[in-house]
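Working notes, beginning with the structure itself.
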Amino acid sequence: MRKTILVFGRSGQVATALAELGTASDAKLEFAGRDRCDLLVDDPARLIGQLVPAAVINASGHTAVDKAESEPEAAMRLNRDAPAAMARACAALEIPFVHISTDYVFDGAKTQPYVETDPIGPLGVYGRSKAEGEAEVAEIGGAWTIFRTAWVMSPGGANFVNTMRRFAAEREVMRVVDDQHGRPTLAADIAAVCLETARRSADGDRSLQGLFHLAGDDDATWADVAERVFEHAGRRTGRRPALARISTADYPTPAHRPANSRLDTAKLQRTAAWTPRPWRDTVDICLAG
Ligand SMILES: NC(=O)c1ccc[n+]([C@@H]2O[C@H](COP(=O)([O-])OP(=O)(O)OC[C@H]3O[C@@H](n4cnc5c(N)ncnc54)[C@H](OP(=O)(O)O)[C@@H]3O)[C@@H](O)[C@H]2O)c1
Numbered sequence: 001m002r003k004t005i006l007v008f009g010r011s012g013q014v015a016t017a018l019a020e021l022g023t024a025s026d027a028k029l030e031f032a033g034r035d036r037c038d039l040l041v042d043d044p045a046r047l048i049g050q051l052v053p054a055a056v057i058n059a060s061g062h063t064a065v066d067k068a069e070s071e072p073e074a075a076m077r078l079n080r081d082a083p084a085a086m087a088r089a090c091a092a093l094e095i096p097f098v099h100i101s102t103d104y105v106f107d108g109a110k111t112q113p114y115v116e117t118d119p120i121g122p123l124g125v126y127g128r129s130k131a132e133g134e135a136e137v138a139e140i141g142g143a144w145t146i147f148r149t150a151w152v153m154s155p156g157g158a159n160f161v162n163t164m165r166r167f168a169a170e171r172e173v174m175r176v177v178d179d180q181h182g183r184p185t186l187a188a189d190i191a192a193v194c195l196e197t198a199r200r201s202a203d204g205d206r207s208l209q210g211l212f213h214l215a216g217d218d219d220a221t222w223a224d225v226a227e228r229v230f231e232h233a234g235r236r237t238g239r240r241p242a243l244a245r246i247s248t249a250d251y252p253t254p255a256h257r258p259a260n261s262r263l264d265t266a267k268l269q270r271t272a273a274w275t276p277r278p279w280r281d282t283v284d285i286c287l288a289g
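The numbering of the sequence shown is the numbering used here, which starts it at 1 and goes up by one.
Now the structure itself:
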């Protein structure tokens, strides 16, 4: 019989990628979007207790970084309390729990890529809520895995590449921040690692439990990503905006963002024989979708 894996989230980038993977694998994935379990009000433990799945993957979250500044209660509910409730239910039922966190738990002051043991120092509500979620999950214990990821992109999702693609058709000049450094990551790659981890942990394999960084290869700024999108647009339509590379100070936002949020993925590469995808390939895949 196929093992059921319960996924919180349905239409998000990682959840969609999990659904695409699930149809091609022998795992049976059950999805709980907010229509089935609204994590602002419902207790996810109830659904976990009803289904008693082989593993739980949490692909949900309050991911609107700027909006989180004006609705901290909602951010904390989704990014701290909900994963804590999931982790507690999973630990009680001895079900492996796979959770996704963020590069924004760091303050960006380090000059090198961040490793798992680096101290955190979130700059905004989103990062703080995710950091508190991580701490709760680890504290509760059981068979848990947390993947910190970054700059998530997918062909159809709400992300930077698709925003730039829209602007490419509309703008003569596009001003894009060039002093935040990160590692764009394909949602499908996150989904594949989460699914593999859930399956292995459900089979009693403990090697992928704990905290791991999961991100694409090579470093980029938002302006680098925009440039790649505009190159594609230019080739396709003969028209592309001029790119103005600006600083964070020239583009104030409600939330402060780390100047460096590059994640070092060596631990995951060693443990899972995993190879990160170069970010330019990630952008090209998004644009081809
Ligand atoms: N996006 C990024 O750049 C980024 C960077 C670092 C880390 N991450 C982390 O990666 C994970 C997945 O991100 P993503 O980009 O796939 O997210 P996303 O596309 O923004 O999707 C968010 C998901 O959260 C669910 N959700 C939101 N509010 C909910 C509520 N009240 N009740 C239940 N579910 C709710 C949504 O459910 P529905 O399916 O019902 O809409 C959706 O599936 C998150 O933990 C995020 O913090 C993301």
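Note that beta-carbon positions come from the ideal geometry of N, C-alpha and C, so glycine has one too.
Taking C-beta separations shorter than 8 Å and ignoring five residues to either side along the sequence, the partners of D179 in its chain run T221, S247, T248, A259, following chain order. One alpha carbon belongs to G204, the other to Y104, and they sit about 31 Å apart. Taking the Cα of R236 as reference, the smallest distance to any Cα among H256, A288, L78 is reached at A288.
For G234, the enclosing alpha helix (DSSP H) starts and ends at 222-237. Separation of the CB atoms of A198 and V98 is rounded to 5 Å, and the pair is thereby assigned contact status at 8 Å. Classified as exposed, V115 has fewer than 16 neighbouring CB atoms from the shown chains inside 10 Å of its CB. With respect to L263, A223 sits apart: the two C-beta atoms are not nearer than 8 Å.
When the beta-carbon positions are compared, S154 and A187 come within less than 8 Å of each other. Between F167 and P122, the gap from beta carbon to beta carbon reaches 8 Å or more.
Secondary structure note for E30: its beta strand (DSSP E) is the uninterrupted segment 28-32. As summarised for the stretch 8-75, the continuous beta strand (DSSP E) elements at least 3 residues long and confined to that stretch are 28-32, 55-58, given in chain order. Ranked by Cα distance from P72, the first of Q13, P254, I285 is P254. By alpha-carbon distance to E170, the top candidate from T16, D118, F230 is F230. With a beta-carbon spacing of about 6 Å, A85 and D43 fall inside the 8 Å limit used to define contacts.
The closest heavy atom of ligand 1 lies less than 7 Å from the beta carbon of C37. Per the coordinates, the alpha-carbon of L195 lies some 13 Å from the alpha-carbon of Q209.
Contiguous alpha helix (DSSP H) elements confined to the stretch 152-189 occur at 160-170, taking only those with 4 or more residues.
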